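Worksheet: the structure to be examined is printed underneath.
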Amino acid sequence: PYEISEPVDVLKALDFQSSPEGVRKTPGFCTVRRGSKPDVAYRVTKNAQISAPTKQLFPGVFPEDFSILFTIKPKARLQSFLLSIYNKQGLQQLGVEVGRAPVFLYEDQHGKPTPEEYPLFRSINLADGKWHRVAISVEKKSITVFVDCKKKLTKALKRSDQAVIDTEGITVFGTRILDDEVFEVNLNFRLLVYLCFPRRIVCSGKILRKKMLAITLLLGCNY
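Every position in the sequence shown, counted from 1, becomes a number in the working numbering once 41 is added.
Structure (structure tokens):
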């Protein structure tokens, strides 16, 4: 059984609404939406330095199985980290690298998987200057990526049994601690982390349907 939990809105938790340095509001994915206001996106530039204690985002235990959803338009041909989670020793445990060939970095309490075993998604290009809606779902020892509501790939995630992500460190947005490259991106008003895994995803209308959980995912501007 899966516990149903409210999602963590990462942008809200990192206080994007207050427009910190290097972040400004810009038109989002849908500039005209019937019956409601147009979307607002956040443009993140090179001088942005955004981080927070991980416990501020995830007050409890970080779930073993989880999903990350975001609507994004990276700068063309860029390759950099969208989100990074570090343990209290400063080691990166989880990272979402978005660009010409996305990478999912994950390292549990036993150092698994090794860097050579990180899942690579070379056939997916998110840095083409267009908006993309992305869902990354982790369950047990596999990771599945959906782009624009289409299942793209499922790959092995060679982590330990009962893998743990430490929440005593910090979460960094848009880069890694020692990286020179900073993510320049338009990010549509929400970056959500769901604390359960969609065992089966079916796209229909504006709903991404999950077993035991239904969540809104922007699929178009005409609703």
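Idealized CB from N, CA, C, for every residue including glycine. Computed from a predicted model, the values in this text were never measured in an experiment.
Nearest by alpha-carbon distance to residue i: which of the options is it?
i, options, result
"residue 184", "69, 100 and 137", "137"
"residue 144", "203, 196, 210 and 190", "196"
"residue 171", "57, 69, 204 and 93", "69"
"residue 117", "169, 191 and 201", "169"
"residue 202", "50, 151 and 140", "151"
"residue 96", "51, 58, 78 and 57", "51"
"residue 87", "190, 63 and 210", "63"
"residue 105", "205, 211, 215 and 210", "205"
For the alpha helix (DSSP H) holding residue i, just list the boundary residues, first then last.
i, result
"residue 54", "51–54"
Specify, as a first and last residue, the run of the beta strand (DSSP E) that residue i falls within.
i, result
"residue 96", "Note, residue 96: premise wrong, no beta strand (DSSP E); alpha helix (DSSP H) at 95–98."
"residue 138", "133–139"
"residue 195", "191–197"
"residue 60", "Element bounds for residue 60: n/a, residue is neither H nor E."
Suppose contacts are defined by Cβ-Cβ distances below 9 angstroms. Is residue i in contact with residue j by that definition?
i, j, result
"residue 213", "residue 125", "yes"
"residue 119", "residue 133", "no"
"residue 99", "residue 208", "yes"
"residue 142", "residue 165", "yes"
Hey, residue i and residue j are a contact pair by Cβ (cut 8 angstroms); roughly how many whole angstroms apart?
i, j, result
"residue 198", "residue 154", "7 angstroms"
"residue 177", "residue 91", "Rounded, the Cβ-Cβ distance is 20 angstroms, inconsistent with contact."
"residue 60", "residue 66", "7 angstroms"
"residue 115", "residue 167", "6 angstroms"
"residue 57", "residue 83", "5 angstroms"
Per the DSSP calculation, residue i is bridged to which residue(s)?
i, result
"residue 81", "68"
"residue 150", "According to DSSP, residue 150 bridges with nothing at all."
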